[in-house]
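Here is the structure we will look at.
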Amino acid sequence: MSHNYYQKELETMPAEQIRALQEEKLRKQVKHVYEHVPYYRDLMDKKGVKPEDIKCLDDIRKLPFISKADLRETYPYGMLAVPLSECVRIQSTSGTTGKRVIAYYTQHDIDLWEECCARAIVAAGGTKEDVVQVCYGYGLFTGGPGLNGGSHKVGSLTLPMSSGNTDRQIQFMMDLKSTIICCTPSYAAYIGESLKEKGYKPEDNSLKAGIFGAEPWTEEMRRDIEKSLGIKAYDIYGLTETSGPGVAFECEEQGGMHINEDHFYAEIIDPETGEVLPEGCEGELVFTSLDKEAFPLLRYRTRDLCVLSREKCSCGRTFVRMAKPKGRSDDMMIIRGVNVFPSQIETVLLNEGYAPNYRIEVDRVNNTDTLDVYVELSPEQFSDTVGDITEKERKLAAAIHTMLGIHPAIHLVAPKSIARSEGKAVRVVDRRKLHD
Ligand code: DLL
Numbered sequence: 027m028s029h030n031y032y033q034k035e036l037e038t039m040p041a042e043q044i045r046a047l048q049e050e051k052l053r054k055q056v057k058h059v060y061e062h063v064p065y066y067r068d069l070m071d072k073k074g075v076k077p078e079d080i081k082c083l084d085d086i087r088k089l090p091f092i093s094k095a096d097l098r099e100t101y102p103y104g105m106l107a108v109p110l111s112e113c114v115r116i117q118s119t120s121g122t123t124g125k126r127v128i129a130y131y132t133q134h135d136i137d138l139w140e141e142c143c144a145r146a147i148v149a150a151g152g153t154k155e156d157v158v159q160v161c162y163g164y165g166l167f168t169g170g171p172g173l174n175g176g177s178h179k180v181g182s183l184t185l186p187m188s189s190g191n192t193d194r195q196i197q198f199m200m201d202l203k204s205t206i207i208c209c210t211p212s213y214a215a216y217i218g219e220s221l222k223e224k225g226y227k228p229e230d231n232s233l234k235a236g237i238f239g240a241e242p243w244t245e246e247m248r249r250d251i252e253k254s255l256g257i258k259a260y261d262i263y264g265l266t267e268t269s270g271p272g273v274a275f276e277c278e279e280q281g282g283m284h285i286n287e288d289h290f291y292a293e294i295i296d297p298e299t300g301e302v303l304p305e306g307c308e309g310e311l312v313f314t315s316l317d318k319e320a321f322p323l324l325r326y327r328t329r330d331l332c333v334l335s336r337e338k339c340s341c342g343r344t345f346v347r348m349a350k351p352k353g354r355s356d357d358m359m360i361i362r363g364v365n366v367f368p369s370q371i372e373t374v375l376l377n378e379g380y381a382p383n384y385r386i387e388v389d390r391v392n393n394t395d396t397l398d399v400y401v402e403l404s405p406e407q408f409s410d411t412v413g414d415i416t417e418k419e420r421k422l423a424a425a426i427h428t429m430l431g432i433h434p435a436i437h438l439v440a441p442k443s444i445a446r447s448e449g450k451a452v453r454v455v456d457r458r459k460l461h462d
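Each residue of the sequence shown is one higher than the one before, starting from 27 at the first, in our numbering.
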């Protein structure tokens, strides 16, 4: 059996109705959390706020924020809002530092999460006729299980590939005629490159769409992937703390991701002061889970920086759209006093005709920050003479200087000398952290 996961009656609701629905859910959720999560109750008590003080959506500003530090402090079960016996699953963050965050789910939480992923697949043109190749990691990471569940709900044929083993990915893609691929954008770029190396042209595969997320990626990267795979590339966003992928997803307009506002209330705050910012301002994204039973975070600070827009979307969906996150506030590097996001460097590299295989190294030498960018050449670019390469390095350094206002050292390196990513790409090495 399959359902139509374009949930039109919800996804195209007039804004006032969405607010009314959110308001009603928020009141219930605050009560649920206050009654069942002593840690959050204490935070509320310290601020002198009671559940009955939350009457309308704007009252949410009275509630304390939750941050990753709170989740570490309450690890593993301090945020649990139902008896553990009601939970059927845990997932965990992919973070490599510190204690992992554990998220827990009731069956109802899983169903809602998978519905959100199903909406994303349908928005990318998916139906029960599609073959969906899921090459996000399976296991504790939410990417594989989330898209897998969503694809089942849509009724598509689901290939639970997980990440890695690129030769096998390509063999199944060709033999089983996958029509939709789900993975990180960096892995999509790698698969595109591998297809080309095997002598396939973009039109040789049956893919029509890709659903890519879990890491920041630029519009330039989107165009690159669309070209190499011969598809339309859709962005999808989410985080373990809010369930996983599917919090927001792109429609055919590809102009920002619609946030599933019937399940999540989004705010943008000034990361310094915590003050809520008006629509259109860039700031830190904060989410409140309106429906989750087991792990219902209120005002969770994602550290992702982005902008929200309520501008009308041609697809008909009325859910607010979030722009591509620029990256986490902690991805921002301050180099010689200038704020630098890896995505800005990626934009320049791709615009200058390089493939998205690069590594950024930051260090401090004699009290001065250094920025080194290693960029891989394609085999065709590599065959150029040394003189050409010096000229190319100069040109690229100038283009990055124009974008950032600081001079990088560019190192054009041999094809295949930069490691490819099968999951979330690690592109920055900041050695200054080792000295501190
Ligand atoms: O990455 C969930 C996910 C899986 C999303 C598959 C999309 C697709 P975490 O490992 O907890 O969960 O990491 C969440 O990844 O706070 C963002 O910083 C980043 N992120 C996720 N999606 C995007 C995106 C999954 N589309 C963290 N663009 C988030 C930019 C993204 N950053």
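Positions of the beta carbon are idealized from the N, C-alpha and C atoms, including for glycine.
- Collapsing the DSSP output to three states places residue 287 in coil.
- In this structure, the CA atom of residue 85 is about 26 Å from the CA atom of residue 266.
- By the C-beta criterion, the segment 338-352 is judged not to be in contact with the segment 70-85, since fewer than 3 inter-stretch pairs fall below 8 Å.
- Annotated three-state conformation of residue 426 is helix, per DSSP.
- Within a 10 Å sphere around the beta-carbon of residue 30 sit fewer than 16 other beta-carbons, which makes this residue exposed.
- In this structure, residue 369 keeps its C-beta atom at 8 Å or more from the C-beta atom of residue 212.
- Separation of residue 379 and residue 230 (C-alpha to C-alpha, rounded to the nearest whole angstrom) is 24 Å.
- When DSSP states are grouped into helix, strand and coil, residue 219 belongs to the helix group.
- Pairing residue 177 with residue 103, the inter-Cα distance amounts to about 30 Å.
- 32 is the residue among 186, 32, 218 and 220 whose C-alpha sits nearest the C-alpha of residue 151.
- Distance from the CA of residue 228 to the CA of residue 55, rounded to the nearest whole angstrom, comes to 48 Å.
- For residue 218, the closest of 452, 414, 383 and 169 by C-alpha to C-alpha distance is 383.
- When DSSP reads this structure, residue 391 sits in a beta bridge with 394.
- Cβ atoms of residue 79 and residue 88 come within 8 Å of each other, at about 6 Å.
- Around the beta carbon of residue 420, fewer than 16 other beta carbons lie within 10 angstroms, which makes this residue exposed.
- Shown here for residue 142: same chain residues with a beta carbon closer than 6 Å to its own, the five before and five after excluded, namely 272 and 286 in chain order.
- Taking the Cα of residue 449 as reference, the smallest distance to any Cα among 381, 196, 215 and 62 is reached at 215.
- For residue 262, the CB falls within less than 7 Å of some heavy atom of the ligand DLL.
- For residue 405, the enclosing alpha helix (DSSP H) begins and ends at 405-408.
- Straight across, the Cα-Cα distance linking residue 194 with residue 185 is about 12 Å.
- Cβ atoms of residue 341 and residue 278 come within 8 Å of each other, at about 6 Å.
- Boundaries of the alpha helix (DSSP H) around residue 64: 64-73.
- A distance below 8 Å separates the beta carbons of residue 320 and residue 131.
- Under the 8 Å Cβ criterion, the segment 323-331 counts as touching the segment 91-99, having at least three qualifying pairs.
- Counting every other CB atom within 10 Å of its CB across the protein chains shown gives residue 293 a total of 16 or more, marking it as buried.
- Straight-line spacing of the CA atoms in residue 416 and residue 402 works out to 14 Å.
- From the listed residues 243, 269 and 58, the smallest Cα separation to residue 140 is found for 269.
- Not one heavy atom of the ligand DLL falls within 7 Å of the beta-carbon of residue 34.
- Residue 361 places its beta carbon 8 Å or farther from that of residue 400.
- DSSP, reduced to helix, strand and coil, places residue 58 within a helical segment of the structure shown.
- Contact between residue 428 and residue 244 is ruled out by a C-beta separation of about 16 Å, above the 8 Å threshold.
- Boundaries of the beta strand (DSSP E) harbouring residue 313: 309-315, taken from the DSSP string.
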